[in-house]
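Presented below is the structure to which this report refers.
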Amino acid sequence: MAGPVVALRSDARNPPWRERIVSCQLTTFVGRDAELATAGRLLGAVRLLTLFGPAGVGKTRIARRLAHEARFPDGVAVIELGAVTDPTLLPQVAATHLGLRQAEQLISWLSPRSMLIVLDNCEHLVGACREFVTAVLAAAPEVRFLTTSRHVLGIAGEQLLPIRPLPVPDRYQPDRHVADDAVALFADRATYALPNFTVNGDNGDTVLGICSRLDGIPLAIELVVPWLRVMSAHDVLARLDDTFTLFTPEAAARPTRQRTLIAAVDWSFALCTPDEQSLWARASVFTGGFTVEAAAAVCTDERITATALLRLLGALVDKSVLVRDEVGGVTRLRMLNTIRHYGLRRLAESGDERQFRRRHLDHFRRLIEGIARQWCGPDQIELLTQIRREHGNLRAALEFGLGEQTFAGARLATALSFYWLCGWIGESRRWLDRVLSIDALPAAIRQDALCLNSYAATALGELAEGRRFAEEATAIADETGDPLMMANALLVTGGSAFANGELALAERHHARAAEFYLRANVIDCRIVLAYASTAMAAAAQGDLARAEVLAAQAIAIAEARGERWAQSYAHHALALAHWRVGRHAEAARHAVTSLR
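Everything in the sequence shown is counted per the numbering used here, starting at 10 for the first residue and increasing by one.
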């Protein structure tokens, strides 16, 4: 799943979640030995360590190196918060990335564990991070936190480790090997632009001047170095001097290091061609990265054509505006947060932000609606993986679409039904409530949202709300006479009855749901769920024979389509049925099958 990036490491023989590898960096790690040593020592002594400092100084890079090297019995979780704009989503984001369905499970799940949680980019969520970290530290004595932020969290016991720009030597000394300063970073990154580039007696003072002008800020250095392809180091320094004389009074009032980074980004933008500048601004609507195909759908028009897109993307990669990642064999491009926010500001100034946010929303709505049509088939794991990678983009699209109360935003929220049911039920409630607040919503969209919200509320233990949503969904179905709407309403009404202990009523509702799906000629995951749910209700009442017949019907439909997700509910029903009559070996077999 796209969206916030999580990386998990564990030394445990049987880690409590699916183990993932901390993503490797594509460029070498330069210096920071003192900071790494100090942070490593502090992580063994304190429970909350905050790496704080200005934008672009390398906090994330240091945190990820520490995460890569850390060893805890229950592993290390790295959670990227840059794409999370709603503070209320933080607990759900953390829970989801630890494999939990509900944020309410998080504290009890963490309580017995000994692990490190890294929260990266906390500055825009300081209050939410403070509340979350405080709650976990109080309940889980062996959990430690490493956070990165431009602002301290302000929690009792928080250990602060300032991360400053790389040191810049007073003068260039060709006979002294420097491994931990700004010149060393410049020299290393310059070889990516010009493989034969070296810092020597001829250019050493100039390189030193560049690094000094950039205050040793790593991100600023990385933005400037690519221009060695088209101009000499001397010319780069001269252009920097020109740039720094152009500050507006507002910019001049900012702290020096902030002005330095702004100037470096401004200069990088100014040295892009007009088309590259436009693409930079347009691509900033993506959150958490994007594919080339997504860029083509969202960013191209008569000015930036599909033919020119690859060339322009390549140019932005070469200029360190975009970072290229390989994720599961898929190439994705992303912007660092500082670069992305700069692009968004430029897009807003152009007056085009709403247009490209709408295109972003429409692209992801079409993508999800297409995946929903393929969902009941053999590719569910691959489809789910694809959507997880786009979670940040989906949140951004929903925030825009539902913020403007558009039907497109509502359609996206309801088209994600299968995704919400695969682990994001808690988050779905927030979006679906916003869908239901839209005036004059078409009946089909409103009924879909009501059914999904009923399922989610019931699963979260909000039984009265679950029943209320189901009743309204049924009223819409009765009014329209649509068999598919009636089937959907009966399915969630049965789920509500089951959760309230009304087993016979649940069985009747689910059986009728299956009948209406047949009447609507819907032979997919929905009828599989209807049969499986009827089997579950029968099993809960001790009717093994009926449960077996119904589950067999569900499994036959699912297997014919290569479907696995809805089929698991049928095996769950069979496990319950066999357990109720004392057939424990058969119950265990079906229970294990349902979990695969």
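Built from N, CA and C at the ideal position, the CB exists for glycine as well.
Note that the structure is predicted; figures quoted are calculated from it, not measured.
query: Nearest-angstrom Cα distance between alanine 575 and glutamate 436?
result: Sequence index remark: in the sequence shown, residue 575 carries index 566 (1-based). Sequence index remark: in the sequence shown, residue 436 carries index 427 (1-based). Near 21 Å, if we compare the C-alpha coordinates of glutamate 436 and alanine 575.
query: Buried or exposed: which applies to methionine 124, given that a residue is buried once 16 or more other Cβ atoms fall within 10 Å of its Cβ?
result: By one-based count along the sequence shown, residue 124 stands at place 115. So methionine 124 counts as buried.
field: Residues near isoleucine 454 by beta carbon distance below 8 Å, same chain, minus five either side
entry: Position 445 of the sequence shown, counting from 1, holds the residue named residue 454. Closer than 8 Å at Cβ, skipping near neighbours: Phe416, Ala419, Arg420, Thr423, Val444.
- request: Taking leucine 342 as part of the alpha helix (DSSP H), name the residues at either end of that continuous run.
  value: Taking the first residue of the sequence shown as position 1, residue 342 is located at position 333. No alpha helix (DSSP H) holds leucine 342; the beta strand (DSSP E) holding it covers 339-343.
query: What residue ranges within the region 263-327 form continuous alpha helix (DSSP H) runs of no fewer than 4 residues, ordered along the chain?
result: 265-279, 283-292, 301-308, 315-327
query: When the Cα atoms are used, what is the spatial distance from glutamine 395 to leucine 499?
result: Within the sequence shown, residue 395 is the residue found at index 386, counting from 1. Within the sequence shown, residue 499 is the residue found at index 490, counting from 1. Their Cα atoms are separated by approximately 31 Å.
message: Can you list, in chain order, the residues of its chain with a C-beta nearer than 7 Å to that of glutamate 132? Leave out the 5 residues immediately preceding and following it.
response: On the sequence shown, residue 132 is found 123 positions in, with the first residue counted as 1. Ser158, Arg159, His160, listed in sequence order.
query: Of all the options Ala242, Glu471, Arg153, which has the alpha carbon lying nearest to the alpha carbon of valine 216?
result: Locating residue 216 in the sequence shown gives position 207, where the first residue counts as 1. Among Ala242, Glu471, Arg153, the Cα nearest to that of valine 216 belongs to Ala242.
message: Is it buried or exposed, threonine 97, if we count other Cβ atoms within 10 angstroms and call 16 or more buried?
response: The residue given as residue 97 occupies position 88 in the sequence shown. Under this definition threonine 97 is an exposed residue.
- request: Please state whether DSSP places serine 329 in a helix, a strand or coil.
  value: Against the sequence shown, residue 329 aligns to sequence position 320. The answer is coil: DSSP assigns serine 329 none of H, G, I, E or B.
field: Alpha carbon of leucine 493 to alpha carbon of threonine 502, nearest angstrom
entry: By one-based count along the sequence shown, residue 493 stands at place 484. By one-based count along the sequence shown, residue 502 stands at place 493. Roughly 14 Å separates the two Cα atoms.
field: Identity of the residues DSSP links to proline 171 by a beta bridge
entry: Here residue 171 refers to the residue found at position 162 of the sequence shown. Paired residues: Phe61.
- request: Determine which residues share a DSSP beta bridge with phenylalanine 154 and list them.
  value: Taking the sequence shown and counting its residues from 1, the one referred to as residue 154 is at position 145. According to DSSP, which records beta bridges pairwise, phenylalanine 154 is partnered with Leu57, Ile126.
query: Is it true that the region 281-300 meets the region 333-351, where meeting means three or more beta-carbon pairs spaced less than 8 Å apart?
result: Contact holds: three or more Cβ-Cβ distances are below 8 Å.
message: Taking the beta carbon of aspartate 20 as the centre, do at least 16 other beta carbons fall within 10 Å, making it buried, or is it exposed?
response: Within the sequence shown, residue 20 is the residue found at index 11, counting from 1. Note that aspartate 20 scores 35 on pLDDT, short of 50, meaning its location in the model is unreliable and no value can be drawn from it.
- prompt: When the Cβ atoms of the region 508-527 are set against those of the region 535-545, are three or more pairs found closer than 8 Å?
  reply: Yes, the region 508-527 touches the region 535-545.
- prompt: Applying the criterion that 16 or more other CB atoms from any shown protein chain within 10 Å of the CB defines a buried residue, is isoleucine 390 buried or exposed?
  reply: Residue numbering aside, residue 390 sits at position 381 when the sequence shown is read from its first letter. Flag for isoleucine 390 reads exposed.
- prompt: Between proline 171 and glycine 67, what straight-line distance do the alpha-carbon atoms span, to the nearest angstrom?
  reply: Residue mapping note: residue 171 aligns to position 162 of the sequence shown, counting from 1. Residue mapping note: residue 67 aligns to position 58 of the sequence shown, counting from 1. Going by the C-alpha atoms only, they are around 11 Å apart.
- request: Could you check which residue in Val93, Leu583, Ala479, Asp371 has the C-alpha nearest to that of leucine 559?
  value: Position 550 of the sequence shown, counted from the start, is the residue given in the question as residue 559. Ranking Val93, Leu583, Ala479, Asp371 by Cα distance to leucine 559 puts Leu583 first.
query: Excluding the five sequence neighbours on either side, which residues of its own chain have a C-beta within less than 6 Å of the C-beta of tryptophan 384, listed in chain order?
result: Position 375 of the sequence shown, counted from the first residue, corresponds to residue 384. Here the set comprises Phe427.
query: Leaving out the 5 sequence neighbours to the left and right, which residues in its chain are closer than 7 Å to glycine 571 when beta-carbon positions are compared?
result: Along the sequence shown, one-based indexing puts residue 571 at 562. Same-chain partners within the cutoff: Gly386, Pro387.
query: Distance, Cα to Cα, glutamine 168 vs alanine 46?
result: Here residue 168 corresponds to residue number 159 of the sequence shown, with the count starting at 1. Here residue 46 corresponds to residue number 37 of the sequence shown, with the count starting at 1. When rounded, the distance between both Cα atoms is 15 Å.
Start and end residues, alpha helix (DSSP H) containing valine 537: For the purposes of this step, residue 537 is taken as residue 528 along the sequence shown, with counting starting at 1. Here the alpha helix (DSSP H) through valine 537 covers 534-549.
- prompt: The beta strand (DSSP E) spanning alanine 103 covers which residue range?
  reply: Indexing the sequence shown from 1 puts residue 103 at position 94. For alanine 103, there is no enclosing beta strand (DSSP E); the residue is found in the alpha helix (DSSP H) stretching over 99-106.
- request: Would you kindly check if the distance between the Cβ of leucine 321 and the Cβ of valine 274 is under 8 Å?
  value: In the sequence shown, residue 274 corresponds to position 265, counting from 1. In the sequence shown, residue 321 corresponds to position 312, counting from 1. Not a contact, by the Cβ cut-off of 8 Å.
- prompt: Helix or strand or just coil, what does DSSP make of aspartate 214?
  reply: Counting from 1 along the sequence shown, the entry for residue 214 is found at position 205. Aspartate 214: helix per DSSP, three-state reduction.
- prompt: In terms of DSSP beta bridges, what is valine 336 paired with?
  reply: Residue mapping note: residue 336 aligns to position 327 of the sequence shown, counting from 1. BP columns for valine 336 point to Val339.
query: Just how far apart, CA to CA, sit alanine 405 and arginine 367?
result: Counted from its first residue, the sequence shown places residue 405 at position 396. Counted from its first residue, the sequence shown places residue 367 at position 358. Using only the alpha carbons, I get a separation of about 11 Å.
task: Use the C-beta contact count for glutamine 101: other C-beta atoms within 10 angstroms, 16 or more gives buried, fewer gives exposed.
output: Sequence index remark: in the sequence shown, residue 101 carries index 92 (1-based). Buried, since its Cβ has 16 or more Cβ neighbours within 10 Å.
task: Return yes when the Cβ of alanine 199 is within less than 8 Å of the Cβ of valine 177, no when it is not.
output: Counted from its first residue, the sequence shown places residue 177 at position 168. Counted from its first residue, the sequence shown places residue 199 at position 190. In this structure, alanine 199 does not lie closer than 8 Å to valine 177 by Cβ.
field: Span separating the alpha-carbon of aspartate 371 from that of leucine 356
entry: Counting from 1 along the sequence shown, the entry for residue 371 is found at position 362. Counting from 1 along the sequence shown, the entry for residue 356 is found at position 347. Approximately 18 Å between the Cα atoms of the pair.
task: Less than 8 Å between the CB atoms is what I'm expecting for alanine 506 and leucine 472, so what's the real figure, rounded?
output: As a working note, residue 506 is residue 497 in the sequence shown. As a working note, residue 472 is residue 463 in the sequence shown. Contact flag wrong, Cβ pair sits at about 10 Å.
query: Starting from glutamine 85 and walking both ways along the beta strand (DSSP E), at which residues does that stretch end?
result: Position 76 of the sequence shown, counting from 1, holds the residue named residue 85. Strictly speaking, residue 85 in this sequence is valine, with glutamine absent from that position. Here the beta strand (DSSP E) through valine 85 covers 85-89.
query: Going straight from the alpha carbon of alanine 458 to that of leucine 441, what length do you get?
result: Counting from one through the sequence shown, the residue named residue 458 turns up at place 449. Counting from one through the sequence shown, the residue named residue 441 turns up at place 432. In this structure, the alpha-carbon of alanine 458 lies about 6 Å from that of leucine 441.
- prompt: DSSP three-state call for asparagine 462: helix, strand or coil?
  reply: Counted from its first residue, the sequence shown places residue 462 at position 453. Asparagine 462: helix per DSSP, three-state reduction.
N-terminal and C-terminal residue of the alpha helix (DSSP H) that glycine 418 is part of: The residue given as residue 418 occupies position 409 in the sequence shown. In the DSSP assignment, glycine 418 falls within the alpha helix (DSSP H) that extends over 416-424.
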